[in-house]
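In what follows, a structure is listed as structure tokens, so that the remarks can point back to it.
Residue numbers (this note's numbering): 5 to 76.
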């Protein structure tokens with residue numbers, strides 16, 4: 005995937021420094037919960053009832069976590 009992005013001439017985020025997409029960055033994006041589609045039922049268990057009441061049950065949502073430290 006990173007090679008395809010580089011071949012197509014798509015610019016990576018400015019943070020990369022090298023001017024090329026890295027496999028590590030692309031893998032991290034794919035695994036990040038913000039880009040993964042979560043069903044209403046999955047989110048209902050994670051959020052307060054008043055938040056769940058405002059969500060459309062037919063849609064999928066990403067999750068943006070706060071106050072979590074990521075370690076690998």
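Every residue gets a Cβ at the ideal spot worked out from N, C-alpha and C, and that includes glycine. Predicted model, so just to flag it, every value in this text is computed and none were measured.
CA-to-CA distance, residue j to residue i, given in whole angstroms
i, j, result
"residue 43", "residue 56", "11 Å"
"residue 64", "residue 36", "15 Å"
"residue 50", "residue 60", "15 Å"
"residue 12", "residue 24", "11 Å"
"residue 8", "residue 26", "11 Å"
"residue 48", "residue 41", "14 Å"
"residue 30", "residue 5", "7 Å"
"residue 45", "residue 34", "22 Å"
Same chain only: Cβ atoms within 6 Å of residue i, ignoring 5 sequence neighbours per side
i, result
"residue 16", "25"
"residue 52", "none"
Cut-off 8 Å between Cβ atoms - residues of its own chain near residue i, not counting five sequence neighbours on either side
i, result
"residue 67", "37, 38, 40, 42, 47, 50"
Length-filtered (4 minimum) alpha helix (DSSP H) runs lying within the stretch 18 to 63: 27 to 35, 44 to 48, 53 to 56
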